[in-house]
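Chains Z and W supply the protein sequences, listed in that same order.
Just so you know, we're using the numbering used here here: the first sequence kicks off at -15 and counts up by one.
Just so you know, we're using the numbering used here here: the second sequence kicks off at -15 and counts up by one.
Note that the Cβ used here is the ideal one computed from N, Cα and C, for glycine as well.
Since the model is a prediction, treat every value here as computed from it, not as a measurement.
2 protein chains.
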Amino acid sequence: MDKKIIDVARAAGVSPATVSRVLNNRELVKEKTREKVLQAIRDMNYHPNAAAKQLRSQRTMTIGVIVPDINVSLFAEIIKGVQNKAESKGYHVIICDYSGRKGREQEYFALLHNRTVDALIFVSPEMPSEVLAEEADKGFTIGVIGRQIGHDSIPCCCTDNVEFSMEVVGHFVRQGHRRIAFISGYQEATDAYERLEGYMKALHRHGLGFEPELIEKGDFSEESGYRALLRLREKGIPFTAVYTANDEMALGVYKACGERGIHIPDELAVFGVDNNRISRYITPNLSSVEQPGYLMGSMLAEKLIAILGEDKPGSGGMTAGPIEVKSRLIIRESSTFVRPSGR
Amino acid sequence: MDKKIIDVARAAGVSPATVSRVLNNRELVKEKTREKVLQAIRDMNYHPNAAAKQLRSQRTMTIGVIVPDINVSLFAEIIKGVQNKAESKGYHVIICDYSGRKGREQEYFALLHNRTVDALIFVSPEMPSEVLAEEADKGFTIGVIGRQIGHDSIPCCCTDNVEFSMEVVGHFVRQGHRRIAFISGYQEATDAYERLEGYMKALHRHGLGFEPELIEKGDFSEESGYRALLRLREKGIPFTAVYTANDEMALGVYKACGERGIHIPDELAVFGVDNNRISRYITPNLSSVEQPGYLMGSMLAEKLIAILGEDKPGSGGMTAGPIEVKSRLIIRESSTFVRPSGR
DNA sequence: GTGAAAGCGCTAACAC
DNA sequence: GTGTTAGCGCTTTCAC
């Protein structure tokens, strides 16, 4: 079978303990000894057995990330951020995609209970906050992206949903819009809620009355955006701009407008969120809010790794204030009037 | 600390060995005993320690997947396919994205040597075949997606690149095209090579002469497609259709055509590969070849798990013939003439 | 059908 | 600075 630490020890003429010390750059080992050991390791192409190491040290040096769908750009970026930071600190990353399988996310807690991972990052809006809090109380290290959990030992990383939503509405207002519709995401998602909040706050700030008829519920899917826009139109009330809680729903709006012959942005201005890559290629280009996924992943991973590095992980130590990252509006054709000159 | 198997054993009034047998549905355990044990497990919310299990059983029940970029739809789909199959067989999946870091993929072999994974799937075109073969010879279980390695114990899963490329050219010919250009991917990728091969074979079959001037090299990036099209134009030779080895490069072609005022598909027909989601949204819609990523991931994972299940993994047992999956042409606007009626 | 006991390969006290 | 040794929690012969 494979070489073990004792083999290296014998080859280098030292004890296994010394080899272990060299492997983990522990304490002081005489330079000469260290080199002998390193040479032996190289000579026999030795690789320490991860399972044994984990069993003994009670740490897996692995972080799990639970996402709804890795084939969604924002989630992929978050994962990359986590992965990059984790790797730089000597951690591995296990990704769990629970696509479609309702309730399935919770099964992934098993990873934590099995001690397969040292920490778990949830990017899943569906996971109930109480369940997360409960697990954190048991002493497990958990982090969340995309919403805030009111719990001391659960670090969260979110974007400034309220902020940028207000900016989107402000942008519309500057373009001369007064009647601005909103298509929301599903209720459970804090993101969706906060974007609605920003929308309403902005209306107030700009002295525009809030009209419930201008708000329609969606569920972040293209299809739901399509249907929401049709419902808005059926009401017969006027509106010249629509803010959708994500780009997918904006694509649905495009589809509806295409079918109904509504011209974007002249007849209807559109603004989405996520800066999906499609935004740049669709005609007219879709204005959107860029979400710093990579940054969020990276920052949260850093925070979690810091927590894991504490003496008493979970109890005491640093508290986990929410990390809020700034988003950026990307203004494209869909939200700017393009009146042909000479009209 | 956590509960251990001995705690469950005591609670159920049996030995740890029996608990272990129940946990792994081994041999016959008396129904009554089994239930007592299961009850105890539930009562104390016991979760077996993965590291201990791995150390003892010498298996991690984990498969690694190495991809260039999880934020590319095709790779994400492959991963999902692997993950789904793996999970159904009780395996975990570790994903490694080596984006941008040249040569970095090789470091991931450490996972294999550390016994962190039982098998490793390479979706990385850059990884040299010889290195893969070498590792396989050492007895490691390896699989490859997207190209074939001439090695008995390395299962490969590829699409029918030559086939579908011929179909694309055939489609162009049926549309009346005689001068069809080709923009290839980078040389190292077998995919790119085979697509070129299919293109040439089809030209031959349709009695069209092969003209080297109609072929330009790209590297699968949008930018390279853009430049390749401009180079083709600069030559001053006529062509009415272009087949790009992937959709990204087709997007570059769109950009170049936009700038030069070349109308798609009337003046130039375009066909890509991958069926990137953008294809459906860009104007005009891009014709493309759908690659069954999910299926490839799933099939290869199944094969590898079967190999791992053999008595003597690596030596003897089933041989690893290449698995070829069928792709499907999705014909959209970019490759169909749309002559306004009455012209 | 079930139990006792010997490790899997490593790390971390504790000696020296 | 380095060696000795006792486990980490589980599975797996081998008895019974």
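Item, Value
"What does DSSP give as the partner residue(s) for Y30 (chain Z) in the beta ladder?", "Beta-bridge pairing links Y30 (chain Z) to no other residue."
"Grouping DSSP H, G and I as helix and E and B as strand, with all else coil, what is D102 (chain Z)?", "coil"
"At a CB-CB cut-off below 7 angstroms, which residues of chain Z make contact with L284 (chain W)?", "Under the 7 angstroms cutoff, chain Z gives no residues; its nearest Cβ is about 17 angstroms from L284 (chain W)."
"Hey, is R99 (chain W)'s beta-carbon within less than 7 angstroms of any beta-carbon in chain Z?", "yes"
"Can you find a C-beta in chain Z that's less than 7 angstroms from the C-beta of N378 (chain W)?", "With chain W covering only -15 through 327, there is no way to say anything about residue 378 (chain W)."
"Does S299 (chain W) have its Cβ less than 7 angstroms from a Cβ in chain Z?", "With a pLDDT of 45 at S299 (chain W), under the threshold of 50, the modelled position of this residue cannot be trusted; read the value that follows with caution. No, S299 (chain W) lies away from the interface with chain Z (no Cβ there is under 7 angstroms from its Cβ)."
"Give the range of the beta strand (DSSP E) segment to which E200 (chain Z) is assigned.", "I199 to K201"
"Which residues bound the alpha helix (DSSP H) around E337 (chain Z)?", "Nothing in the structure corresponds to residue 337 (chain Z), since chain Z is present only between -15 and 327."
"Please report whether the beta-carbon of N55 (chain Z) lies at a distance below 7 angstroms from any beta-carbon of chain W.", "yes"
"So is Q38 (chain Z) in contact with chain W if we call contact Cβ pairs under 7 angstroms?", "yes"
"Return the chain-ordered list of same chain residues with a C-beta closer than 6 angstroms to the C-beta of M150 (chain Z), the five sequence neighbours on each side being excluded.", "G182, K185 and A186"
"What does D81 (chain Z) reach in chain W if we use C-beta pairs closer than 7 angstroms?", "K64 and Q67"
"Using the three-state DSSP reduction, which class does A229 (chain W) fall into: helix, strand or coil?", "coil"
"Determine the chain W residues that contact E61 (chain Z) at a beta-carbon separation under 8 angstroms, and present them in chain order.", "N55"
"Mind checking whether V115 (chain W) and I79 (chain W) have CB atoms under 7 angstroms apart?", "no"
"Between Y278 (chain W) and chain Z, is any beta-carbon pair separated by less than 7 angstroms?", "no"
"Residues in its own chain within less than 8 angstroms of Y92 (chain Z) by CB, not counting five upstream and five downstream?", "G48, I50, C80, Y82 and L104"
"Taking only beta-carbon positions, decide if T228 (chain W) is within less than 7 angstroms of chain Z.", "no"
"Looking at chain W, is there any beta carbon in it that lies within less than 7 angstroms of the beta carbon of A234 (chain Z)?", "no"
"Touch check for the segment 9 to 29 of chain Z and the segment 67 to 78 of chain Z: three-plus C-beta pairs under 8 angstroms?", "no"
"What residues of chain W sit near I266 (chain Z), judged by a beta carbon separation below 9 angstroms?", "I262, Y265, I266 and T267"
"With a threshold of 6 angstroms on Cβ separation, who are the neighbours of S299 (chain W) within its own chain once the five nearest residues in sequence on each side are excluded?", "Confidence at S299 (chain W) is low in this model, with a pLDDT of 45, below 50, so its placement is unreliable and the value that follows should be read with caution. Excluding positions up to five away in sequence, the list is empty."
"To the nearest angstrom, how far is it from the Cα of G305 (chain Z) to the Cα of L39 (chain W)?", "38 angstroms"
"Within the continuous beta strand (DSSP E) that includes F204 (chain W), where are the two ends?", "It is not in any beta strand (DSSP E) - F204 (chain W) carries neither H nor E in the DSSP assignment."
"Determine, using beta-carbon pairs with one atom in the segment 159 to 166 of chain Z and one in the segment 193 to 203 of chain Z, whether at least three such pairs fall under 8 angstroms.", "yes"
"From the beta carbon of I78 (chain W), is the nearest beta carbon of chain Z less than 7 angstroms away?", "yes"
"Taking C-beta to C-beta, are N55 (chain W) and A60 (chain Z) nearer than 7 angstroms?", "yes"
"Report yes or no: do three or more beta-carbon pairs, one from the segment 273 to 284 of chain Z and one from the segment 310 to 321 of chain Z, lie closer than 8 angstroms?", "yes"
"Using the Cα positions of A173 (chain W) and V107 (chain W), report the straight-line distance between them to the nearest angstrom.", "11 angstroms"
"CA-CA distance, I(-10) (chain W) and L292 (chain Z)?", "28 angstroms"
"Name the two residues that bound the continuous beta strand (DSSP E) containing G127 (chain Z).", "T125 to I129"
"Starting from R312 (chain W), trace the beta strand (DSSP E) both ways and give me its first and last residue.", "R312 to I314"
"Do you know how far the Cα of I126 (chain W) is from the Cα of R264 (chain W)?", "35 angstroms"
"Tell me which same chain residues have a C-beta within less than 8 angstroms of the C-beta of V309 (chain Z), skipping the five on either side of it?", "C141, C142, T143, D144, P276, L279, M280 and M283"
"Alpha carbon to alpha carbon, how far is V152 (chain Z) from A120 (chain Z)?", "36 angstroms"
"Would you say the segment 245 to 256 of chain W touches the segment 224 to 231 of chain W, given that touching needs at least three Cβ pairs under 8 angstroms?", "yes"
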